[in-house]
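What follows is one structure encoded as structure tokens, with my remarks underneath.
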Amino acid sequence: MEIRTKGQRQPPWLLTSYGVGNDKHSFYNVVENRFHVTSIPELRGKYICASTYGWLVLVNPSGDCCIWNPESMEKIELPNLPYPLDYTNCVLSKPPRDPDCYILFTSDSCRTFCQVGVDNEFFIEQLEAGGWFRIMSVATFKGNIYGILKDSFVTVHFVDGALELRPIEPWKFPHHLSAYYHARYKDYMIESPCKDELLLVHQFYSTSYRYNVFGFKIYRLDMCKMECEELESIGDRAIFLSGRGGGECCFSTEGIKANCIYYTELNGRKLHVYDLNDNGKTLLLPCPAARRSQSVNFWIEHQISQKFVNTKSK
């Protein structure tokens with residue numbers, strides 16, 4: 104069992120946006136199995152792309168993009184975002200008020216970025232068909248941005264309006280079991296509550312329906328020893344994955360099952376719990392009022408959710 108220390112990350116809350124123009128918002132506390140429904144003007148008609156440093160990255164279908172702090176109500180406007188609904192990952196290099204903060208969006212076809220508060224437009228790097236150099240997952244860890252390509256790990260750097268991807272040698276992308284050869288998959292790279300490590304979560308789903316998830320493989324990335332190790336168990340930790348690419352990991356508490364993965368779909372109201380002990384799945388409906396398809400889920404940081412802490416029983 105991992106040693107816990109003071110100040111450990113608290114479990115995130117699940118935000119479900121639903122209704123006409125996503126004008127209603129449900130905040131679900133997994134620990135207490137409670138939710139609070141409200142309507143937040145700043146979130147209406149918006150998609151959440153990232154929840155980090157106490158800020159939310161928001162974008163609407165027209166490409167209007169901003170970074171919003173729910174605690175201070177401060178908003179930082181960003182340039183209009185091209186292809187606003189195509190991105191699968193979003194990351195900030197530093198806190199938004201840091202003068203050297205960059206924001207990066209990635210998709211199957213392009214990488215889009217800008218320096219927050221400085222650039223008047225996003226820089227776009229189009230990718231060739233086949234996506235060999237596509238960043239499959241990206242994360243900020245101790246001042247660096249790490250990314251996963253199809254066959255390697257890289258650090259991401261912003262240099263004169265361009266991205267530089269510098270391979271981390273001799274690391275290579277892990278080879279997966281042949282049983283998964285015909286499966287589709289999605290990668291998540293998230294910070295572990297344990298010191299000096301990231302977790303790489305490889306989510307497998309069937310080719311017939313994207314969210315028919317049938318398995319996970321998890322790797323520990325030791326950033327000091329520069330080693331990659333497959334884990335059979337995550338012990339007394341739990342992982343939370345959003346369909347749009349975000350993820351968190353924390354130690355289990357009362358109400359949070361250890362060695363489990365809580366994951367949502369790209370759209371819809373369902374929350375799934377995958378038990379790594381026996382590969383069993385449990386289905387939850389944290390927001391019964393949301394419609395089956397016309398709603399969006401995203402895990403948000405515990406500190407952000409405290410603004411909406413007045414919950415009511417399900």
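Numbering (my numbering), first residue to last: 104 to 417.
For every residue, glycine included, the Cβ atom is placed at its ideal position computed from N, Cα and C.
None of these values were measured; they are calculated from a predicted model.
Relative to S336, the option among N315, C327, H375, K360 whose CA is nearest is K360. Counting along the chain, the unbroken alpha helix (DSSP H) around S408 starts and ends at 405-408.
V123 carries a helical assignment under DSSP once its states are collapsed to helix, strand and coil.
Only exposed fits D201, as fewer than 16 other CB atoms lie within 10 angstroms of its CB. Look at L146 here: in three-state DSSP terms it is helix.
Nearest to Y322 by C-alpha distance, out of E357, Q306, N136, is Q306. The three-state reading of DSSP puts P270 in strand, counting E and B together.
Fewer than three beta-carbon pairs drawn from the region 210-228 and the region 289-298 are found closer than 8 Å, and the two stretches are therefore not classed as touching. Note that the C-beta distance between C331 and Q111 is not below 8 Å. Residue range 178-181 is occupied by the beta strand (DSSP E) that includes E180. Counting C-beta pairs closer than 8 Å gives three or more between the region 142-158 and the region 166-185, which meets the contact rule.
Where F225 is concerned, there is no enclosing beta strand (DSSP E), because DSSP gives it neither an H nor an E.
Within 10 angstroms of the beta-carbon of T119 lie 16 or more other beta-carbons, which makes it buried. Exposure of L188 is indicated by the presence of fewer than 16 other C-beta atoms within 10 angstroms of its C-beta.
Taking 8 Å as the cut-off, the Cβ atoms of A153 and C193 count as close.
Burial is judged here by how many other beta carbons sit within 10 angstroms of a residue's own beta carbon; M292 has at least 16 and is buried. Residue pairing of S154 in beta bridges, as defined by DSSP: L159. A distance below 8 Å separates the beta carbons of Y366 and V316. The region 115-134 makes contact with the region 393-407: 3 or more CB pairs, one atom from each, lie closer than 8 Å.
According to the DSSP assignment, V259 belongs to the beta strand (DSSP E) that extends over 256-262. Distances from the alpha-carbon of L379 to those of P114, S398, K373, D339 put D339 closest. The closest CA to that of S355, considering only R372, V133, D222, is found on V133. A residue is called buried once 16 or more other Cβ atoms fall within 10 Å of its Cβ, and K253, having fewer, is exposed. In this structure, DSSP gives M329 a state outside helix and strand, which the three-state scheme calls coil.
Rounded to whole angstroms, the gap between the alpha carbons of E404 and L230 is 32 Å. Counting along the chain, K384 sits inside the beta strand (DSSP E) bounded by residues 384-387. Annotated three-state conformation of K320 is strand, per DSSP.
Contact check for V162 and L184: beta-carbon distance about 5 Å, within the 8 Å limit, so the pair qualifies.
Burial is judged here by how many other beta carbons sit within 10 angstroms of a residue's own beta carbon; T191 has at least 16 and is buried. Shown here for S196: same chain residues with a beta carbon closer than 7 Å to its own, the five before and five after excluded, namely C204, Y205, T243, I248 in chain order. By the criterion of a C-beta distance shorter than 6 Å, E333 is surrounded in its chain by Y322, once the five residues flanking it on both sides are discounted.
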